[in-house]
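Chains as they are written, first to last, in the working numbering: chain W, 1440 to 1652; chain C, 1440 to 1652.
Report on the following structure.
There are 2 protein chains.
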Amino acid sequence: MIKLLIIEDHPLVVEGFKNLIDSRDDFSLCGIAGNAEDALLLLKSCLPDIVLLDIMLPGMTGLELIDILQKDYPKSKVLVVSTYSQRYYVEAMLEKGAKGYLLKNAGNDEIIEAITSVYYDQTYLSHEIAFSLRKNAGQPISLSHREIEVLKLVADGLTNKEIAEKLFISPLTVDSHRKNMIAKLEARNTASLIKIAVENGYFSLRNDTNELK
Amino acid sequence: MIKLLIIEDHPLVVEGFKNLIDSRDDFSLCGIAGNAEDALLLLKSCLPDIVLLDIMLPGMTGLELIDILQKDYPKSKVLVVSTYSQRYYVEAMLEKGAKGYLLKNAGNDEIIEAITSVYYDQTYLSHEIAFSLRKNAGQPISLSHREIEVLKLVADGLTNKEIAEKLFISPLTVDSHRKNMIAKLEARNTASLIKIAVENGYFSLRNDTNELK
DNA sequence: TATAAAATCCCCTTTTTCGTGGATTGTTTG
DNA sequence: CAAACAATCCACGAAAAAGGGGATTTTATA
């Protein structure tokens, strides 16, 4: 019997999972949380074999929550469930210890396969993701912390000089970071750098207030 | 009896809807399509009162599909179902004739309310969206077709000169468009323009191949 | 058919970025 | 302990964009 905890804020998706789990007598659902806080409360009593974890949660994201999960509940395996196939999220979650990464467009068969694989300690990746990771393996494009820091400020429209003042470094250093990022991500200039970075989830555009702007 | 057609490519979400619809004896489900093509085939036999339409479909998007729906099946009312709360999508779909816009993080009550409202010809917007639209009403920031065309090329890293060649116009015109957009969206420069434009969904970053880059 | 909005084109100056080349000092890490 | 990487700094010239004006011609549309 595989004990599952769902951490997901979309009731419709939860409903879908619940249905699937109910229909199988080797799966049991031990809790549902719509956000990280509720999840942490549930985990104590629940002690699931597998946590189905969404990335985009209100408040604390899956990226942050998984760190706590890994530390406090190392026996619960994390199966990420996300609409996002961007390499940044995939790599980040796998690095942080997720055992699987499932896209929300997966069908029932794939979901069942994912859950059972992860339960038996095999890594599971959605087909699309496995395919793409393999294809683009070799030199994973990654930005350093400092680069991402600079990138965010660039995206906010600051010039090298302004960023330099903010970070207490030379404008030339900022320029170097910018150039390095352009080279790394094979952008043509800053504009395309921003686009590529957003596309690949190097920084989040998540709208915490959910306001229309 | 309200006849519903679901156009949505996430099986989990479909499952959630199906459950909800099954549980009500005033709703009936007349079909499920995972993409626009299937939807068009189903519509003929189905003739639903309400179409639950996702925006991000593989192949043809909801943005395109709704035009066909409005033209060929004007009696079927469209209730958009999306994770995207960006003003661009909301406004675009409503302008194209959608009767409601429901966010996927809606609960059952909200979904039922949305469906019945739309059925009785009232516009329904998710709370968050209604709130934000009202709040930011007045001067809706909108970009012209040409501006968006230019914007996309800018985001791809082309210079004014290159864009000018591509569109057979003067680089000065391209520059004007760029400047106008920066002013309209209150960006500080091209980099922040791209970020703001992406955030607000002025153009899609949808990854049609679903590849990790 | 006015009138607004969109699309087009122009000038000038200043600021910023791009491209290409470096170099140095730490800090991980196999 | 090398080797790799991150973070810092630099120089120089060319190219591009920003800022702040204006102006004309199409197209919609009220």
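Backbone N, C-alpha and C fix where the C-beta goes; we use that ideal spot for every residue, glycine too.
Rounded straight-line distance, which links the Cα of residue j to that of residue i
{"i": "T1522/C", "j": "L1606/W", "result": "35 Å"}
{"i": "D1595/C", "j": "A1630/C", "result": "12 Å"}
{"i": "L1486/C", "j": "K1535/C", "result": "19 Å"}
{"i": "S1467/C", "j": "F1456/C", "result": "11 Å"}
{"i": "V1517/W", "j": "N1619/C", "result": "47 Å"}
{"i": "L1533/C", "j": "I1505/W", "result": "38 Å"}
{"i": "L1611/W", "j": "A1603/W", "result": "8 Å"}
{"i": "G1543/W", "j": "L1451/C", "result": "The question names Gly, but residue 1543/W in the sequence shown is Lys. Cα to Cα, the separation comes out at about 7 Å."}
{"i": "M1495/C", "j": "G1501/C", "result": "6 Å"}
{"i": "S1609/C", "j": "L1632/C", "result": "21 Å"}
{"i": "S1581/W", "j": "A1537/W", "result": "19 Å"}
{"i": "C1499/C", "j": "D1477/W", "result": "One point to set straight first is that residue 1499/C is Met, not Cys, in the sequence displayed. For M1499/C and D1477/W, the distance between alpha carbons rounds to 38 Å."}
{"i": "H1449/W", "j": "A1475/W", "result": "13 Å"}
{"i": "E1552/W", "j": "R1463/W", "result": "13 Å"}
{"i": "D1647/C", "j": "E1638/C", "result": "With a pLDDT of only 36 at D1647/C, under 50, the local geometry of the prediction cannot be trusted, and no value is derived from it."}
{"i": "S1484/C", "j": "S1556/C", "result": "24 Å"}
Per-residue DSSP class, three states only, for residue i
{"i": "K1510/W", "result": "helix"}
{"i": "Q1578/W", "result": "Residue placement at Q1578/W cannot be trusted, given a pLDDT of 45 that sits under 50; what the coordinates show is reported in the next sentence. It is coil, neither helix nor strand."}
{"i": "G1498/W", "result": "coil"}
{"i": "K1516/C", "result": "strand"}
{"i": "S1521/C", "result": "strand"}
{"i": "K1442/W", "result": "strand"}
{"i": "Y1641/C", "result": "coil"}
Residue i, enclosing beta strand (DSSP E) - first and last residue
{"i": "A1622/W", "result": "That residue, A1622/W, is in no beta strand (DSSP E); its alpha helix (DSSP H) goes P1610 to K1623."}
{"i": "K1605/C", "result": "That residue, K1605/C, is in no beta strand (DSSP E); its alpha helix (DSSP H) goes N1599 to L1606."}
{"i": "L1468/C", "result": "F1466 to A1472"}
{"i": "D1493/W", "result": "I1489 to D1493"}
{"i": "G1539/W", "result": "G1539 to L1542"}
Below-8 Å beta-carbon distance, residue i vs any chain W residue
{"i": "G1577/C", "result": "With a pLDDT of only 45 at G1577/C, under the threshold of 50, the placement of this residue in the model should not be trusted, and no figure is reported."}
{"i": "N1544/C", "result": "yes"}
{"i": "A1537/C", "result": "no"}
{"i": "V1637/C", "result": "yes"}
{"i": "D1448/C", "result": "yes"}
{"i": "A1630/C", "result": "yes"}
{"i": "Y1619/C", "result": "Before going further, note that residue 1619/C is Asn rather than Tyr in the sequence given. By this cut-off, N1619/C is not an interface position."}
{"i": "N1474/C", "result": "no"}
{"i": "D1477/C", "result": "no"}
{"i": "A1594/C", "result": "yes"}
{"i": "N1599/C", "result": "no"}
Beta-carbon proximity check, residue i vs residue j, cutoff 8 Å
{"i": "Y1563/W", "j": "G1539/W", "result": "yes"}
{"i": "L1590/W", "j": "A1626/W", "result": "no"}
{"i": "R1617/W", "j": "N1599/W", "result": "yes"}
{"i": "L1482/W", "j": "L1444/W", "result": "yes"}
{"i": "D1493/W", "j": "V1520/W", "result": "yes"}
{"i": "I1441/C", "j": "V1453/C", "result": "no"}
{"i": "S1524/C", "j": "I1460/C", "result": "no"}
{"i": "E1447/W", "j": "L1491/W", "result": "yes"}
{"i": "N1458/W", "j": "N1458/C", "result": "yes"}
{"i": "L1541/W", "j": "S1565/W", "result": "yes"}
{"i": "Y1641/C", "j": "Y1528/C", "result": "no"}
8 Å Cβ cutoff, residue i in contact with chain C
{"i": "I1633/W", "result": "yes"}
{"i": "E1454/W", "result": "yes"}
{"i": "R1655/W", "result": "The question about residue 1655/W has no answer, for chain W in this structure spans 1440 to 1652."}
{"i": "T1522/W", "result": "yes"}
{"i": "N1458/W", "result": "yes"}
{"i": "L1451/W", "result": "yes"}
Extent of the continuous alpha helix (DSSP H) run through residue i
{"i": "Y1558/C", "result": "N1547 to Y1558"}
{"i": "D1461/C", "result": "P1450 to D1461"}
{"i": "L1479/C", "result": "A1475 to C1485"}
{"i": "E1447/W", "result": "No alpha helix (DSSP H) holds E1447/W; DSSP gives it neither H nor E."}
{"i": "K1591/W", "result": "H1584 to A1594"}
beta-carbon residue i near the ligand FMN non-hydrogen atom, thresh 7 Å
{"i": "D1511/W", "result": "Questions concerning the ligand FMN fall outside what the structure shown contains, since it holds no ligand whatsoever."}
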